[in-house]
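Participant: The structure's right below; bear with me while I get my questions together.
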Amino acid sequence: MSRIHLLTPRLANQIAAGEVVERPASVVKEILENSLDAGANRIELDIEQGGVKLIRLRDDGQGIEKDDLALALSRHATSKIYNLDDLEAVQSLGFRGEALASISSVSRLTLTSRTADQDAGWQVQTEGRDMTAEVSPAAHPQGSTVEVRDLFFNTPARRKFLKTEKTEFKHLEEVVKRLALSRFDVGFTLRHNQKVIHQLRPASSQTEQERRISTLLSPAFIENSMKVDVCAEASGLRLWGWVALPTFSRSQADLQYFFVNGRIIRDKVVAHALRQAYQDVLYHGRHPAYVLYMELDPKLVDVNVHPTKHEVRFRETRLVHDFIFRTTHRVIADIRPEQGSEPAISGAAASNLLSAAPGQPLTQQGFEQSRMPLHQLQRDADNAAGFAARSHYQADRPAAGQVRDQISAYGALHPQRDSASGLQSVSMPEADDTECPPLGYAIAQLHGVFVLAQNDAGLVVVDMHAAHERVVYERMKLAYEAEGVRSQPLLVPVSMAVSSMEADCAEEQAEVFSKLGFEIARMGEETLVIRQVPVALASADISKLILDVLGDMTLFGSSQKIQNHTNELLATMACHGSVRANRQLTIPEMNALLRDMERTERSGQCNHGRPTWTQMSMHDLDSLFMRGQ
Ligand code: ADP
Ligand code: MG
Numbered sequence: 000m001s002r003i004h005l006l007t008p009r010l011a012n013q014i015a016a017g018e019v020v021e022r023p024a025s026v027v028k029e030i031l032e033n034s035l036d037a038g039a040n041r042i043e044l045d046i047e048q049g050g051v052k053l054i055r056l057r058d059d060g061q062g063i064e065k066d067d068l069a070l071a072l073s074r075h076a077t078s079k080i081y082n083l084d085d086l087e088a089v090q091s092l093g094f095r096g097e098a099l100a101s102i103s104s105v106s107r108l109t110l111t112s113r114t115a116d117q118d119a120g121w122q123v124q125t126e127g128r129d130m131t132a133e134v135s136p137a138a139h140p141q142g143s144t145v146e147v148r149d150l151f152f153n154t155p156a157r158r159k160f161l162k163t164e165k166t167e168f169k170h171l172e173e174v175v176k177r178l179a180l181s182r183f184d185v186g187f188t189l190r191h192n193q194k195v196i197h198q199l200r201p202a203s204s205q206t207e208q209e210r211r212i213s214t215l216l217s218p219a220f221i222e223n224s225m226k227v228d229v230c231a232e233a234s235g236l237r238l239w240g241w242v243a244l245p246t247f248s249r250s251q252a253d254l255q256y257f258f259v260n261g262r263i264i265r266d267k268v269v270a271h272a273l274r275q276a277y278q279d280v281l282y283h284g285r286h287p288a289y290v291l292y293m294e295l296d297p298k299l300v301d302v303n304v305h306p307t308k309h310e311v312r313f314r315e316t317r318l319v320h321d322f323i324f325r326t327t328h329r330v331i332a333d334i335r336p337e338q339g340s341e342p343a344i345s346g347a348a349a350s351n352l353l354s355a356a357p358g359q360p361l362t363q364q365g366f367e368q369s370r371m372p373l374h375q376l377q378r379d380a381d382n383a384a385g386f387a388a389r390s391h392y393q394a395d396r397p398a399a400g401q402v403r404d405q406i407s408a409y410g411a412l413h414p415q416r417d418s419a420s421g422l423q424s425v426s427m428p429e430a431d432d433t434e435c436p437p438l439g440y441a442i443a444q445l446h447g448v449f450v451l452a453q454n455d456a457g458l459v460v461v462d463m464h465a466a467h468e469r470v471v472y473e474r475m476k477l478a479y480e481a482e483g484v485r486s487q488p489l490l491v492p493v494s495m496a497v498s499s500m501e502a503d504c505a506e507e508q509a510e511v512f513s514k515l516g517f518e519i520a521r522m523g524e525e526t527l528v529i530r531q532v533p534v535a536l537a538s539a540d541i542s543k544l545i546l547d548v549l550g551d552m553t554l555f556g557s558s559q560k561i562q563n564h565t566n567e568l569l570a571t572m573a574c575h576g577s578v579r580a581n582r583q584l585t586i587p588e589m590n591a592l593l594r595d596m597e598r599t600e601r602s603g604q605c606n607h608g609r610p611t612w613t614q615m616s617m618h619d620l621d622s623l624f625m626r627g628q
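Right under this line is the structure:
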């Protein structure tokens, strides 16, 4: 063992770089976030050789004072927070004060900047083991330029982990996409080896925002998604964005973007809530697609959990989970044929009904903070107690104090009509009947599989079995809920071994379980006994189900597993109970099916997430025959 000594600043920074600078994409993330924190409206990125040779970013943000330039490149130097209170309500993307120091310790970094009240720009670079800063004059407009050359030139081990130019650029482009999705109000340009890859103007209207999403993700996503915008006034939570129709599901979870106060995150609670919202309408193994923005009081979310800040911790896990679940579940449930709407599979039924002007992420309003002069971070939080706690949040909240629970507005669009059971017959209307229902009136049945109907727009084709299956299934679920859960005692009570935490949870949630038809008692520190179960689940693997449910409850505060299991059984029964292909239906029977579909939740897809109907407009048909060309 050698003697203890202090690491040189460069080595200390290189060690810190190990956590945050993995590849060119990580550099781009850090410097883009800095530009956004600096209030930039336009950002240009020039990349060479996947970012390994060169990353150059130019912004028109507030710039950095000459006297602060050297500090910007030193570790633990930031203009974004002063004390612990600031950290606990942080609204800027950065706050650790180590990105630039880390990056410049493993590359050749030059930072050039000019503030509004300086007549000329200044440039800084670091040198040697102590990373001494060299400041020199340089011509520059207001804003900053960060140039990062030869990444990892002095850390060969890191360099070896880099992949091909193409792969590195793909990662880098993904980072740009995410940040461009997080801030519609900022213009972005991305060039690779002098070729323009993306040129995105600031997008303020919904149409412009949707165009940006189309360009960055896929036009099909926007065409097949619904706009959501819901505020829960009591909790101050807002969720807005786009969720894809279940029929636009993916084989991978690759089109899932979730932003919390403008910061993209991956989070178990969020992912679970969304998976649950799509539970009933997705084909097994398929993944939903969404671009969603959640806004909440920064105090309710801890962003200082991970050096790259990809993860957050919610103070009120259950509240957040329930809000996301309820909001998205409601929107998905409401996909059904509507008067004058596009068919659910190709357009967004009701998509525009919910589009209140989407606000920008809160971070945009937090710029004031970054106008503070640069300073070295306080090591001792107590020393900094003199600063008053601030929250920009309350004052800046969009539409504060206004009830905008659009879920209920949504509900009002679909007044519940009485739903009769079985295929009821509906008489054909008189010729001059004014309103044609969304799915129109049946005209024929094709090969015992499809119902053909005529509506105002043209031809409607319905997959008879798929549609009926959904109608029956939804009706069975309603009946099940209305009648309440019937439960039956087990002949031999099942006793099961659990952890003491799970046993505690079972005890605390006894009432929830009993509502679901279970009677569960604790027999010892780590033993539960099940005495009574719902009739519908009598033949299921009860102890496994209970274990899964307890697992969910401890992680997410609630569980949908029993409901899902019951639903699966109902779905199987619905499948067997609904009209098979090759059965001749009468015209009134077909019309009854159409009317049932119109009033059934989720009737746009069958129980497996496939579409149940499609519209062919007169225009579509005309073009098939090249009429009018
Ligand atoms: P952090 O973002 O956590 O504060 P960084 O090392 O990324 O730490 O940046 C250090 C400081 O340099 C920032 O706090 C900010 O004051 C300043 N800075 C960095 N990039 C820019 C930029 N593009 N425009 C203006 N100021 C910047
Ligand atoms: Mg930063």
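Residues 0 to 628 (numbering that gives the first Met the number 0) are what the sequence shown spells out, left to right.
The beta carbon of each residue, even a glycine, is placed where N, CA and C say it ideally should be.
Using DSSP bridges, identify the partner residues of Asp296.
Facilitator: Along the sequence shown, read from residue 1 onward, the residue named residue 296 stands at position 297. DSSP, once it has assigned bridges, lists no residue as partnering Asp296.
Participant: Where do the ends of the alpha helix (DSSP H) carrying Leu70 lie?
Facilitator: Locating residue 70 in the sequence shown gives position 71, counting from the first residue. Here the alpha helix (DSSP H) through Leu70 covers Leu68 to Ala71.
Participant: Can you check DSSP and say which residues form a bridge with Thr613?
Facilitator: On the sequence shown, position 614 is the one that residue 613 refers to. The partner list for Thr613 (beta bridge, DSSP) reads Val460.
Participant: Please classify Asp228: is it buried, with 16 or more other beta-carbons within 10 angstroms of its beta-carbon, or exposed?
Facilitator: Translated into positions along the sequence shown, residue 228 becomes position 229. Buried.
Participant: Rounded to whole angstroms, how far is the Cβ of Glu167 from the Cβ of Pro23, which I believe are closer than 8 Å?
Facilitator: Here residue 167 corresponds to residue number 168 of the sequence shown, with the count starting at 1. Here residue 23 corresponds to residue number 24 of the sequence shown, with the count starting at 1. The Cβ separation is near 5 Å, so the contact holds.
Participant: Which residue from Arg210, His4 and Ala276 puts its Cα closest to that of Pro245?
Facilitator: Numbered from 1 along the sequence shown, position 246 holds the residue referred to as residue 245. Measuring from the Cα of Pro245, the nearest candidate turns out to be Ala276.
Participant: So what does Ala452 bridge to, in DSSP terms?
Facilitator: Locating residue 452 in the sequence shown gives position 453, counting from the first residue. DSSP output for Ala452 lists Ala441 and Val459 as bridge partner(s).
Participant: Can you say whether His4 is buried or exposed, counting buried as having 16 or more other CB atoms within 10 angstroms of its CB?
Facilitator: Residue numbering aside, residue 4 sits at position 5 when the sequence shown is read from its first letter. With fewer than 16 Cβ atoms within 10 Å of its Cβ, His4 is classed as exposed.
Participant: When DSSP builds the beta bridges, which residues end up paired with Ile42?
Facilitator: Residue numbering aside, residue 42 sits at position 43 when the sequence shown is read from its first letter. BP columns for Ile42 point to Asp58 and Phe187.
Participant: Between which two residues does the beta strand (DSSP E) carrying Cys230 extend?
Facilitator: Within the sequence shown, the letter at position 231 stands for residue 230. From DSSP, the beta strand (DSSP E) with Cys230 extends over Ser224 to Ala231.
Participant: Ile14: buried (16+ other C-beta within 10 angstroms of its C-beta) or exposed?
Facilitator: Translated into positions along the sequence shown, residue 14 becomes position 15. Answer is exposed; the Cβ neighbour count stays below 16.
Participant: Of the choices Ser104, Ser616 and Gly127, whose alpha-carbon is the least far from that of Ala11?
Facilitator: Residue numbering aside, residue 11 sits at position 12 when the sequence shown is read from its first letter. Ranking Ser104, Ser616 and Gly127 by Cα distance to Ala11 puts Ser104 first.
Participant: Let me check one thing: in DSSP terms, what residues is Glu47 bridge-paired to?
Facilitator: Locating residue 47 in the sequence shown gives position 48, counting from the first residue. Paired residue(s): Leu53.
Participant: Please give me, in chain order, every unbroken run of the alpha helix (DSSP H) with length at least 4 that falls completely inside the segment 83 to 170.
Facilitator: Runs of the alpha helix (DSSP H) inside the segment 83 to 170: 83 to 87, 98 to 104 and 155 to 159.
Participant: With a Cβ-Cβ cutoff of 8 Å, do Ile442 and Ala452 count as a contact?
Facilitator: Mapped onto the sequence shown, residue 442 falls at position 443. Mapped onto the sequence shown, residue 452 falls at position 453. Yes. Within cutoff.
Participant: Closer than 6 Å is what we want: which residues have a beta carbon that near any heavy atom of the ligand MG? List them in chain order.
Facilitator: Qualifying residues come out as Glu29, Glu32, Asn33, Gly93 and Ala98.
Participant: Of the residues Lys514, His191, Asn566 and Gln122, which one's Cα is nearest the Cα of Ala535?
Facilitator: Here residue 535 is taken as the residue at index 536 of the sequence shown, counted from 1. Ala535 has its Cα closest to that of Asn566, out of Lys514, His191, Asn566 and Gln122.
Participant: Grouping DSSP H, G and I as helix and E and B as strand, with all else coil, what is Ser494?
Facilitator: What you label residue 494 is simply residue 495 of the sequence shown in a count that begins at 1. Note: Ser494 maps to strand in three-state DSSP.
Participant: So what does DSSP say about Tyr81, is it helix, strand or coil?
Facilitator: Within the sequence shown, residue 81 is the residue found at index 82, counting from 1. Note: Tyr81 maps to coil in three-state DSSP.
Participant: When you compare only the Cα positions, how much space is there between Val26 and Asn192?
Facilitator: In the sequence shown, the residue the question calls residue 26 occupies position 27. In the sequence shown, the residue the question calls residue 192 occupies position 193. Approximately 17 Å between the Cα atoms of the pair.
Participant: Which residue from Gly127, Asn33 and Glu133 puts its Cα closest to that of Trp121?
Facilitator: The residue given as residue 121 occupies position 122 in the sequence shown. Comparing Cα positions, the closest option is Glu133.
Participant: Measuring CB to CB, does Asp36 end up less than 8 Å from Leu92?
Facilitator: Residue numbering aside, residue 36 sits at position 37 when the sequence shown is read from its first letter. Residue numbering aside, residue 92 sits at position 93 when the sequence shown is read from its first letter. Contact: yes.
Participant: Does the beta-carbon distance from Ala202 to Arg210 come in below 8 Å?
Facilitator: The sequence position of residue 202 within the sequence shown is 203, counting from 1. The sequence position of residue 210 within the sequence shown is 211, counting from 1. Taking 8 Å as the Cβ cut-off, Ala202 and Arg210 qualify as a contacting pair.
Participant: So, for Pro136: in the same chain, excluding its five sequence neighbours on each side, which residues have a beta-carbon less than 8 Å away from its beta-carbon?
Facilitator: Residue numbering aside, residue 136 sits at position 137 when the sequence shown is read from its first letter. Counting only Cβ-Cβ distances below 8 Å, and skipping sequence neighbours, we find Ala119, Gly120, Trp121 and Gln122.
Participant: Ignoring anything shorter than 4 residues or poking outside the segment 256 to 314, list the alpha helix (DSSP H) runs there in chain order.
Facilitator: Runs of the alpha helix (DSSP H) inside the segment 256 to 314: 267 to 277.
Participant: Classify Ala478 as buried or exposed, calling it buried when 16 or more other Cβ atoms lie within 10 Å of its own Cβ.
Facilitator: Sequence index remark: in the sequence shown, residue 478 carries index 479 (1-based). By the neighbour-count rule (16 or more Cβ atoms within 10 Å), Ala478 is not buried but exposed.
Participant: With 16 other CB atoms within 10 Å as the buried threshold, where does Pro436 fall?
Facilitator: Numbered from its first residue, the sequence shown carries residue 436 at position 437. Pro436 should be labelled buried.
Participant: Quick one, are the C-beta atoms of Arg249 and Arg285 less than 8 Å apart?
Facilitator: As a first step, residue 249 is located in the sequence shown; it is residue number 250 there, counting from the start. As a first step, residue 285 is located in the sequence shown; it is residue number 286 there, counting from the start. For Arg249 and Arg285, yes; Cβs fall inside 8 Å.
Participant: Using only the alpha-carbon positions, how far apart do Gly49 and Arg113 sit?
Facilitator: Here residue 49 corresponds to residue number 50 of the sequence shown, with the count starting at 1. Here residue 113 corresponds to residue number 114 of the sequence shown, with the count starting at 1. Distance between the alpha carbons of Gly49 and Arg113: 28 Å.
Participant: Excluding five sequence neighbours on each side, which residues of the same chain lie with their C-beta closer than 7 Å to the C-beta of Ala69?
Facilitator: One-based indexing of the sequence shown puts residue 69 at position 70. The answer, listed in chain order, is Val123, Ala132 and Val134.
Participant: Would you say the segment 470 to 488 touches the segment 497 to 508, given that touching needs at least three Cβ pairs under 8 Å?
Facilitator: As far as the Cβ criterion goes, the segment 470 to 488 does not touch the segment 497 to 508, which means the pair count is below three.
Participant: Tell me, please, whether the segment 247 to 261 touches the segment 288 to 296 by the rule of three or more beta-carbon pairs shorter than 8 Å.
Facilitator: These segments touch.
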